[in-house]
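Take -14 as the starting number for the sequence shown in the numbering used here and just add one per residue. Notes follow once the structure below has been shown.
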Amino acid sequence: MRRPTRSMTAALLLVTGAVVASVLPNQSNPSINSSTLNPALGAESTSLYCVGISAAGSPGSGGAKFWNSSSERRHLDLAVTNDTSVLASSASIEPNDTLFVPVGATPNGSVSVRAQVDGSGVVGSLFTAGPDSTSVPCQGEGVTDWYASGLGTANGMTTRLTLVNPSATPTVIDISTQSSLGYLAPAPYQGLVIAANGQLTLDLGRQVVEAKSLAVHVTALRGSFVGSALIVISKYASILTGQPLPATEAYFASVNTNGDATESINLYNPLEVTAHVKLKLQVPGFTIAPISIDVEPSATIGVTLVPDTRVPAAGWATLRVSSPQGIVATLYSAGNGYARLSSPTLAGTALAWISAMAHNGTVRIAPVQGKNVPVTFTYFQGRRTITTTMKASAGVPITPPDAWIAANYGIVSAGTPLLMQGVVGTNGLESGLNGR
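Here's what the structure looks like:
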């Protein structure tokens, strides 16, 4: 049995007409999923934005978790925000300690957690709880464009956008969509204002009705924003961090090739030229010819990866999506008791691991390129720092040492970017995270 972690819990509750905040030290962590993040070292201060968590009791409910991977105490100014309210609090995290920020009840459906940190080395993840738990990075800065594909507002699927303004001046945005309905730029979604340090939540189904193969583009006319999408398929919730631009290369670290699985990649080309896309599925022990496909300008396409007679039922695989022109990609995964969407797995040369009480599956780590790459696992026992080195090759995941998994938190590093993902709970899967 895993020993309880040493942590603090910032219990933050938004209630109608009042704001209540308390910091409770030495609380054990809830049953949540795990996180892989990339700490940004050497900064005088950092910001983390954990965007689009649902209120307690709703699909996508959960919170945020932070780990101080530095050797110094870090102070966090926290704000829990919905569309109409802001709850301010503060906390400190000792070296190699964690802070858990749950989202409680709120009259509005979407909540974001912001943390302003007085130094570097603090990483954070947004998580949803439950058997379909998911984990995505707390983002570090605003963008001026945001894309997501594979969404929908038909056949019981719902899509909610949450947009946060990280600055002290208003942000103005336009939103357009491409789907089975064609191109739409709904008038109510043009010239929208996100208040200074505010949040805006949109249920896409109110303006884009019964849309399949839905892709979204949010662009800032003034200012910047941090975006996420909550998708609910039946009762299963997923949070997408999307993309700030069409990517020339993207990876998905967890494609299930087993017999009961369905895996498909949803592509969107927002460009004015045709995107030439190559899909390369890497299954350990097998060689599978890549799929080449052209995506016309302003088009969305879905490609089924599994089941496919070319793909053996051999467990987990890695997918590489490449396009010289750039492409927006989202992976759809379904099986016995789960359905989820995921944004590309972000890679890093130093990924921080925040373990969870409910972690019960294999953690897979693989470099994106190279053979016999030395991979170093670092974990902590009290004041002791312990390291172990193993070798790995692209597309052939390795599992960490048992002691590293059993530790509360750790770091995995290599001279080339790594991917890391693992199974959580009954049907949950942590997204590969890459924070600040």
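Beta carbons: idealized from backbone N, C-alpha and C, even for Gly.
- For the set PRO269, LEU331, VAL288, the Cα lying nearest the Cα of TRP301 is the one of PRO269.
- In the three-state scheme derived from DSSP, where H, G and I count as helix and E and B as strand, ARG207 is classed as strand.
- The continuous beta strand (DSSP E) containing ILE78 extends over residues 71 to 78.
- The Cβ atoms of ASP130 and PRO229 sit closer than 8 Å to each other.
- With distances taken between CA atoms, LEU403 lies nearest to ASN357 out of LEU111, ALA391, ASN357, ARG369.
- For ASP387, the uninterrupted alpha helix (DSSP H) segment begins and ends at 387 to 391.
- Just measuring C-alpha positions, the residue of VAL86, GLU79, VAL381 sitting nearest ALA64 is VAL86.
- With contacts defined as CB atoms closer than 8 Å, LEU148 and VAL203 qualify as a contacting pair.
- DSSP places THR147 in the uninterrupted beta strand (DSSP E) bounded by 142 to 149.
- Annotation note: the segment 24 to 60 contains the following uninterrupted beta strand (DSSP E) runs of length 3 or greater, listed N- to C-terminal: 31 to 39, 47 to 53.
- Under DSSP, GLY395 forms a beta bridge with TRP338, TYR364.
- CA-to-CA, the gap between ALA284 and THR374 works out to about 45 Å.
- In the DSSP assignment, ALA222 forms a beta bridge with VAL217.
- In the DSSP annotation of this structure, the continuous segment of the beta strand (DSSP E) that includes ILE158 starts and ends at 156 to 164.
- For GLU79, the closest C-alpha among the options GLY89, TRP52, THR138, ASN67 is that of TRP52.
- Apart from the 5 residues on each side of it in sequence, GLU281 sits with its Cβ closer than 6 Å to the Cβ of THR259 in its chain, given in chain order.
- Distance from the CA atom of ALA232 to the CA atom of GLY287, rounded to whole angstroms, is 17 Å.
- If you check the CB distance, VAL201 and LEU146 come in under 8 Å.
- For the 8 Å CB-CB criterion, THR138 and LEU177 do not form a contact.
- If you draw a straight line from the Cα of GLN267 to the Cα of ARG349, it comes to about 14 Å.
- The continuous beta strand (DSSP E) containing ASP279 extends over residues 276 to 280.
- Within the same chain, Cβ atoms closer than 6 Å to the Cβ of LEU166 are found at ALA196, the five residues on either side in sequence being excluded.
- Taking LYS265 as the centre and dropping the five residues before and after it, the same chain places the C-beta of PRO275, ARG305 closer than 6 Å to its C-beta, in chain order.
- A Cβ-Cβ distance of about 4 Å is found for the pair LEU199 and LEU136, placing them in contact under the 8 Å criterion.
- In the structure shown, PRO297 falls within a coil segment according to DSSP collapsed to helix, strand and coil.
- For ALA235 against ALA314, the beta-carbon gap comes to about 5 Å, under 8 Å, which counts as contact.
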